[in-house]
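A short write-up of the structure that comes next.
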Amino acid sequence: MGFQRVFKNPNLVILWLSQLFSAIGDHLYVVAITWIAIKELGASAAYVIGAGTFSTLFFGILGGIYADRWNRHKTMIITDILRALFVGLLPLIEWYSTLNVWHLVIISVIVSGLGTFFNPSLQASLPSLCKDSELLQQTNALMDTTHRLARIFGPGLTGAFLAFMPLPHFFTLDAVTFILSAIALVFIRKAFIQMNDMNEMKHVQKSPVIDFKIAISLLKNHKVLLWALISLGMVNLCWGTVYMVGVPLFTEQVLKESAGAFGLIGGAYGIGNLLSLFAVGTLKRSILFMYAGHVILGAGFIVIASADSLTVALIGAVIAAFGSPMGDIIMLTMIQTDFPETHIGKIYSFRALIGGLGLAMGTFIASFTYQLVSIPSIMIIFSMVIIAVGAIGIFRIRMISSYRIKNAS
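Counting in my numbering, the sequence shown runs from 842 upward without gaps.
In structure tokens:
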């Protein structure tokens, strides 16, 4: 996957770097909120971990609708500033009193809700910022590396920061990265001026309800994306159960390791993601690879659940992660190129909604299943479901007729 044209565009480089730093901050945020919750509640920490997911579900479609109606550039700046303020409250609470689980839940809900306005605004802006499909394809791939690179750099930073600062100050670092993102967006504001003026004019006489109905109709008529979204929801349900809750529990209670080891597993997952990203970039972009990725993901999770040492768990994380990004770029490019520009935000939000619903159900199921059955057993069961979804998808490819994203290499 070549990124040469992206790196020749200063606006895209600044945007990518800002999102990379923000993703690293988010990684530290997730490590902190997950580990504090696990220490306080054990398996019941799933309620805290899933709080942000439920917020995403509640605000998801609304965020997509208004991402297509409001000035996207201003929306991203305002949401970054608000997220910085709310995340920054957590270390202040710890400083003046005691940080408890309810503080984590409330802030998680607010921050995740704000993200439902930022993310569709960003994704819907990329086609206009890139101007042509080749540059868009490269930009999507590069943007996809942000949270994956964060998983690689995050563990090293986790260990380094824990050596001289308490875990709650990871929230401080995340707040700083949100501010940096807002500053970067202000710096490249000229690239957004024309596209945002056109975006606002197109919605002067349309109601949000009409926009929503049009988006639903467009999605129903795109059978390939519709089935891919259903598969995404099912896989995310299992991913939430296995990775979001099962892996930290497995790390602490089975492997008897620390927060640093949990961060290392996340780093290994990031390495696997990047290996997959560059490998898939050399192949023809068929929807087949998304379903093949599900099979690899499930197999890797089984390796983790069967591990008797941190080393084996790290290997399993790399294997699982290799399958994860295969469908992400395919699905995102499909949304950006197969739908009108004025509806990209809403279609992207449908994707986020279905994926978030799967994660929410997964964390909810995890909240009681891990208390009833052994941690490795639950992880293996849901990993096998992921493999089954991938196998069914591969079988359906014969009916779908090896769909290819238009204008892809």
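Just so it is clear, CB atoms sit at the ideal spot from N, CA and C, and this is done for glycine as well.
Requested in this report: Please list, in chain order, all residues of the same chain as I874 whose beta carbon is under 6 Å from its beta carbon, the five residues on each side excluded.
Outcome: L945
Query raised in the report: To the nearest whole angstrom, what separates the beta carbons of S896 and S953, a pair I think is in contact under 8 Å?
Result: 4 Å
Query raised in the report: Whose C-beta lies closer than 8 Å to the C-beta of A1032 among residues of the same chain, with five residues either side of it excluded?
Result: N852 and L970
Query - Three-state class that DSSP yields for N852 in the structure shown - result: helix
Report task. Please classify A982: does DSSP put it in a helix, a strand, or coil? Result -> helix
Query raised in the report: Start and end of the alpha helix (DSSP H) containing I1170?
Result: D1169 to D1179
Query raised in the report: In angstroms, rounded to a whole number, what distance separates the CA positions of F848 and S1117?
Result: 21 Å
Query raised in the report: Comparing alpha-carbon positions, which option in G904, S1150 and L858 lies nearest R1025?
Result: Note on residue identity: the sequence assigns Ala, not Arg, to residue 1025. Comparing Cα positions, the closest option is L858.
Query raised in the report: In whole angstroms, what separates the C-alpha of A878 from that of Y1084?
Result: 15 Å
Query raised in the report: Alpha carbon to alpha carbon, what distance is there between Y1132 and G1113?
Result: 17 Å
Query raised in the report: L826 to E935, Cα distance in whole Å?
Result: Residue 826 is absent from the structure shown; the chain starts at 842 and stops at 1250.
Report task. Assign Q860 to one of three DSSP states: helix, strand, or coil. Result -> helix
Query raised in the report: What's the gap between the Cα of A1162 and the Cα of I1156?
Result: 10 Å
Report task. Taking L1008 as part of the alpha helix (DSSP H), name the residues at either end of that continuous run. Result -> Careful: L1008 lies outside any alpha helix (DSSP H) and carries neither H nor E.
**Report entry** Distance between I1160 and N1248 (C-alpha atoms, nearest Å)
**Finding:** Per-residue confidence for N1248 stands at a pLDDT of 44, beneath the threshold of 50, marking its modelled position as unreliable; no derived number is given.
**Report entry** Reference D1015; option with closest CA among V950, D1052, M984 and L930
**Finding:** L930
Query raised in the report: So, helix, strand or coil for R913, using DSSP?
Result: helix
Query - Straight-line gap, V1086 to S1218 (C-alpha atoms, nearest Å) - result: 14 Å
Query raised in the report: Would DSSP call A892 helix, strand or coil?
Result: helix
Query raised in the report: What's the C-alpha gap between P961 and V1214?
Result: 38 Å
Query raised in the report: Helix or strand or just coil, what does DSSP make of L1029?
Result: The residue you asked about is not Leu; residue 1029 is Ile in the sequence shown. Residue state, collapsed to three classes: coil.
Requested in this report: Quick one: grab the DSSP three-state call for F1236.
Outcome: helix
Query raised in the report: Which runs of the beta strand (DSSP E) spanning at least 3 residues fall entirely within the region 1181-1220, listed in chain order?
Result: none
Query raised in the report: Just the Cα atoms here: how many angstroms apart are M917 and I1029?
Result: 12 Å
Query raised in the report: Of the choices T1082, D867, W943 and S938, whose alpha-carbon is the least far from that of G995?
Result: D867
Query raised in the report: In chain order, what residues of the same chain have a beta carbon less than 7 Å from the beta carbon of H914, not counting five sequence neighbours either side?
Result: L1026, R1030, F1033 and N1037
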